[in-house]
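In my numbering, the protein residues as written are 1461 to 1744. We put the CB at the ideal spot given by N, CA and C, even for glycine. Remember, it's a predicted structure, so these values are computed and weren't measured experimentally. Inspection log for the structure reproduced underneath, given as structure tokens.
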Ligand code: PAF
């Protein structure tokens, strides 16, 4: 695996792949890799001739009171995991390389950026869209792999690629969970063992909603109440949002008969966690 730190070198390597007619898959990450990330790398490797991974903790997507400084940075371990998996390129630019002094261009997917996590984290999706637009231009991948766990991010990035006529197919891979159901996240590293137990309430709340849907409840307002109630039962968790929306527009849907994204965000201690499921109501 080739490690690359400059934009010029990464562009040259990726353009060379394109010249040889090979397909290029791309996995953008902020490092602290876990099985969720590795599943994206495997998906890329099974679909593409060449796989590039980026590790860049993007300051632009963190709010002033968020965890930029303490975000886990485990570069050597991450590089070893990617090497083992057989990734071809690891792009690991510094902040100055990505945002040189004087940079003043941002990418904003206007409406979607204010929904779900965007409502709770102002500016977050502007930061995500800006860095991903830059990474897409540097790598120009044929396929880019993202995790369903970040469902709002997926909606924003699909719209970005579509609105800017980018020649990249966004591939969404399933959420990878621990054996007890906790969705894998780099932020799980912040949890104490007690909080780790409390964090299971996110998945539990989604399962309760899924069961209610399977039993015939399709009214979103009632399903949201069921989900919120489950979160209230765990004293260690504080709800940020519980929402039932269209997965593309992130607009609320009144009932789930045509399928919907059920998404939850909650704080466990100081750590904000997210999780979601896609529900499809079976015909009555
Ligand atoms: O999902 C992430 O880890 C980040 O938001 C991404 C897509 C790598 C952009 O910094």
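How should residue i be labelled, buried or exposed, when 16 other C-beta atoms within 10 angstroms of its C-beta is the threshold for buried?
{"i": "residue 1580", "result": "exposed"}
{"i": "residue 1602", "result": "buried"}
{"i": "residue 1682", "result": "exposed"}
{"i": "residue 1694", "result": "buried"}
{"i": "residue 1716", "result": "buried"}
{"i": "residue 1566", "result": "exposed"}
{"i": "residue 1613", "result": "buried"}
{"i": "residue 1511", "result": "buried"}
Among the residues of its own chain, which have a CB less than 8 Å from the CB of residue i, if the five just before and after it don't count?
{"i": "residue 1541", "result": "1493, 1498"}
{"i": "residue 1431", "result": "Absent from the structure is residue 1431, since the part of the chain shown begins at 1461 and ends at 1744."}
{"i": "residue 1680", "result": "1704, 1712, 1713, 1714, 1715, 1716, 1720"}
Can you tell me the Cβ-Cβ gap for residue i and residue j, rounded? I've got them flagged as a contact below 8 Å.
{"i": "residue 1521", "j": "residue 1587", "result": "3 Å"}
{"i": "residue 1486", "j": "residue 1621", "result": "Contact doesn't hold; Cβ gap of about 12 Å is too wide."}
{"i": "residue 1611", "j": "residue 1736", "result": "5 Å"}
{"i": "residue 1700", "j": "residue 1732", "result": "7 Å"}
Go to residue i, then tell me how far its alpha helix (DSSP H) extends in each direction, as first and last residue.
{"i": "residue 1622", "result": "1611-1623"}
{"i": "residue 1604", "result": "It is not in any alpha helix (DSSP H) - residue 1604 instead sits in the beta strand (DSSP E) that spans 1603-1607."}
{"i": "residue 1598", "result": "1584-1599"}
{"i": "residue 1662", "result": "1660-1674"}
{"i": "residue 1537", "result": "1535-1545"}
{"i": "residue 1479", "result": "1467-1479"}
{"i": "residue 1692", "result": "1680-1692"}
{"i": "residue 1580", "result": "1577-1580"}
For the beta strand (DSSP E) holding residue i, just list the boundary residues, first then last.
{"i": "residue 1567", "result": "Per DSSP, residue 1567 belongs to no beta strand (DSSP E) and is neither H nor E."}
{"i": "residue 1485", "result": "1484-1489"}
{"i": "residue 1501", "result": "No beta strand (DSSP E) holds residue 1501; the alpha helix (DSSP H) holding it covers 1495-1507."}
{"i": "residue 1629", "result": "1629-1633"}
{"i": "residue 1700", "result": "1697-1705"}
Could you pull out every residue in the same chain whose Cβ sits closer than 6 Å to the Cβ of residue i, ignoring the five residues on either side in sequence?
{"i": "residue 1669", "result": "1683, 1686, 1687, 1722"}
{"i": "residue 1585", "result": "1573, 1578, 1616"}
{"i": "residue 1747", "result": "Since the first residue shown for the chain is 1461 and the last is 1744, residue 1747 is missing from the structure and cannot be characterised."}
Problem set entry | Neighbouring residues (CB closer than 6 Å to any heavy atom of the ligand PAF) | This criterion selects 1488, 1489, 1490, 1518, 1521, 1588, 1591, 1592, 1610, 1613.
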